[in-house]
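Report on the structure given below.
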Amino acid sequence: MDKDVLARINPIYKNEQEYIKHLAAAGVENALKIYEALDLGKDIGNPGEVTPDLKKLADDPGLSYTVIEKSIEVADEARFLMTNEMIRGYEPTNVIEIPCGYTPRGLIMANEGYKYIGLDLPIVISDIGPAVRDLSDKYSHRIIYKSMDATNFGSISHALENVNGEISVVSEVMLSYLNDSELISVCDNIYKLLSLKGGNWIIMDIGCRDLYRNAFRCLSQDNGDAMYENLIKHFKKAADIDLYSNSLYTEGSEGAENFLKFRGFDIEKVSVSEVLPELSSLKDMPDVYDKLKEAFSKMEYWTLTASKRHGTRIINTHSQGYSVDKKTGSGFLYLGISGRLDTITAPDLLSVYEEASKDAPLEKITLDCRNLEYISSAGLRVLLIMLKKLKNPNGMTVRNVSAPVMEIFETTGFTDLIENISRA
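Taking this note's numbering, I'd label the letters of the sequence shown as residues 1 to 424.
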């Protein structure tokens with residue numbers, strides 16, 4: 001799969017590359033070796049340098065891009081190391097990271113005796129797997145990388161079919177990118193996984209927003225909040241992602257707690273001060289580190305377990321395989337979509353569309369969703385790409401939409417963009 005296609009459908013793919021760059025700049029163990037093995041410098045610069053795309057995210061001439069880059073580096077290092085400390089606190093048999101990205105966590109956990117299973121998009125797995133294998137030597141048998149889509153329980157369970165014993169599922173920022181339908185799917189999938197295997201879910205996601213905000217505040221003299229808000233605003237615009245817009249973030253801490261309890265989880269809260277490590281990125285800035293420690297002491301991270309009082313809900317895991325039926329005519333494209341349109345399958349649909357439209361712009365597109373079971377934000381992004389490239393903005397027809405898929409269309413605002421849309 002073309003990486004440019006993946007980046008357009010899943011903009012956070014590039015964020016995962018920048019994460020390993022910042023860990024390398026901070027001197028995190030093995031991070032630089034992975035960064036160099038992936039040859040990322042040509043796209044996002046060398047560790048310690050301002051990322052080229054960063055200047056495109058903010059238009060305020062008063063902002064210091066060096067301060068922004070350093071703030072993100074500090075927060076990224078703190079997030080990574082604190083997650084490791086949280087994992088060690090529970091001593092699981094298996095560490096399951098969703099998504100795993102390009103970090104050296106597999107190497108670190110395997111060296112300490114854990115079995116590590118990193119789950120992510122196929123193209124990420126195809127990059128990180130060989131890089132880590134070349135570095136792991138005697139610990140390679142404890143490190144596994146598998147591709148999956150977190151909204152699809154069948155995809156997750158297939159990736160973990162040979163994993164025995166209790167698990168610790170780890171996520172750091174994944175939940176902040178999801179819309180509500182995706183959030184519910186992911187929570188239900190991990191709830192069932194914990195019900196079947198035992199263990200816990202370490203979610204750094206909720207506290208990460210405050211972690212980054214506090215890093216900006218401590219490294220900026222007087223405009224840290226403005227820098228942070230400006231960065232988030234422009235990231236949303238550039239990546240076309242409505243960050244922090246789902247039910248974990250819109251109703252405050254109490255609302256997030258109620259949401260997770262309703263999905264069947266018990267919650268244990270851990271003070272960040274209990275897992276705050278020394279930060280190499282601030283070794284020459286002790287005053288900033290002291291300020292950061294004070295700010296972090298007021299933060300909490302949460303660990304979830306499947307509530308025994310709640311019982312195990314039955315989740316439908318039987319999904320027909322994805323397929324697309326294509327018919328073309330003069331300026332016309334018909335697509336009959338079956339199965340799930342998610343992060344795994346959306347790139348294929350985009351490739352089908354681009355192949356059909358490469359010789360001449362399309363005037364009409366008809367999507368038959370009779371057999372479409374589910375659509376994620378990645379799938380919606382493909383539909384929006386098609387819509388924006390039509391010569392006639394009213395030339396897209398979406399028909400035979402099931403009630404569950406229509407609900408996703410409505411809650412994400414897709415129905416506001418399409419005039420010709422009808423239910424099954």
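All C-beta atoms in this analysis are idealised placements derived from N, C-alpha and C, irrespective of residue type, glycine included. Computed from a prediction, not measured in an experiment: that's the story for all the values here.
{"query": "Expected contact under 8 Å - CB spacing of leucine 417 and leucine 387 to nearest Å", "result": "6 Å"}
{"query": "The alpha helix (DSSP H) enclosing glutamate 410, as first and last residue numbers", "result": "403-411"}
{"query": "When Cys369, Asn84, Ala31, Met406 are compared against tyrosine 204, the one with the closest alpha-carbon", "result": "In the sequence under discussion, the amino acid at residue 204 is methionine, which differs from the tyrosine named in the question. The shortest Cα separation from methionine 204 among Cys369, Asn84, Ala31, Met406 belongs to Asn84."}
{"query": "Spatially closest choice to lysine 236 from Pro11, Asp4, Ala7, Lys3, by CA coordinates", "result": "Pro11"}
{"query": "Every unbroken beta strand (DSSP E) within the segment 291-357, with a cutoff of 3 residues, ordered by chain", "result": "300-306, 323-329, 332-341"}
{"query": "Proximity below 8 Å, CB of valine 324 to CB of leucine 350", "result": "no"}
{"query": "In DSSP terms, what arginine 441 is bridged to", "result": "Within the shown structure, residues of the chain are numbered from 1 to 424, placing residue 441 beyond reach of any answer."}
{"query": "Identified DSSP bridge partners for glycine 118", "result": "Glu97, Tyr145"}
{"query": "Proximity to glycine 101 [Cα-Cα], best of Leu81, Glu172, Lys364", "result": "Glu172"}
{"query": "Residue span of the beta strand (DSSP E) that contains serine 271, given as start and end", "result": "265-271"}
{"query": "Distance between leucine 196 and isoleucine 167 (C-alpha atoms, nearest Å)", "result": "10 Å"}
{"query": "Among Lys391, Asn371, Leu372, the one whose alpha carbon lies nearest that of isoleucine 365", "result": "Lys391"}
{"query": "Per DSSP, the bridge partner or partners of tyrosine 374", "result": "Arg340"}
{"query": "Burial state of leucine 32 (16 or more Cβ within 10 Å)", "result": "buried"}
{"query": "Residue closest to aspartate 86, alpha-carbon to alpha-carbon, out of Val270, Lys14, Ala226, Asn246", "result": "It should be pointed out that residue 86 corresponds to methionine in this sequence rather than to aspartate. Taking only the C-alpha atoms, the option nearest methionine 86 is Val270."}
{"query": "N-terminal and C-terminal residue of the beta strand (DSSP E) that isoleucine 156 is part of", "result": "Isoleucine 156 -> not in any beta strand (DSSP E); alpha helix (DSSP H) instead, spanning 153-159."}
{"query": "Where asparagine 46 sits in the DSSP three-state scheme", "result": "coil"}
{"query": "At least 3 beta-carbon pairs within less than 8 Å: the segment 178-195 vs the segment 236-252", "result": "yes"}
{"query": "Whole-Å CB distance - valine 405 paired with isoleucine 421, under 8 Å assumed", "result": "Not quite, the Cβ-Cβ distance comes to about 11 Å (not below 8 Å), so this is no contact."}
{"query": "One or two residues paired with arginine 423 in a DSSP bridge", "result": "Val401"}
{"query": "Alpha-carbon spacing of valine 169 relative to methionine 109, whole angstroms", "result": "13 Å"}
{"query": "Which of helix, strand or coil DSSP assigns to asparagine 200", "result": "strand"}
{"query": "N-terminal and C-terminal residue of the beta strand (DSSP E) that valine 170 is part of", "result": "167-171"}
{"query": "Nearest-angstrom beta carbon gap, isoleucine 206 and alanine 256 [assumed within contact, 8 Å]", "result": "6 Å"}
{"query": "Nonlocal neighbours in the same chain, by C-beta distance under 6 Å from glycine 395, ignoring five residues either side", "result": "Glu363, Lys364"}
{"query": "For aspartate 4, the first and last residue of its enclosing alpha helix (DSSP H)", "result": "3-9"}
{"query": "Per-residue burial, glycine 113 [other beta carbons within 10 Å of its own, 16 or more giving buried]", "result": "exposed"}
{"query": "Reduced DSSP category for glutamate 363 - H, G, I as helix; E, B as strand; rest coil", "result": "coil"}
{"query": "Cβ pair alanine 37, aspartate 134 closer than 8 Å", "result": "yes"}
{"query": "Length of the line joining the Cα atoms of glycine 198 and glycine 129", "result": "27 Å"}
{"query": "Isoleucine 385 and arginine 8 closer than 8 Å at C-beta", "result": "yes"}
{"query": "Close-in-space but distant-in-sequence residues of the same chain around glycine 106 (CB under 6 Å, 5 per side omitted)", "result": "Tyr116, Gly118, Val132, Ile143"}
{"query": "Three-state class that DSSP yields for alanine 150 in the structure shown", "result": "coil"}
{"query": "CA nearest to the CA of threonine 93, picked from Asn200, Lys70, Arg209, Leu23", "result": "Asn200"}
{"query": "For leucine 341 and aspartate 225, the rounded distance between their alpha carbons", "result": "37 Å"}
{"query": "Distance, tyrosine 145 Cα to lysine 358 Cα", "result": "35 Å"}
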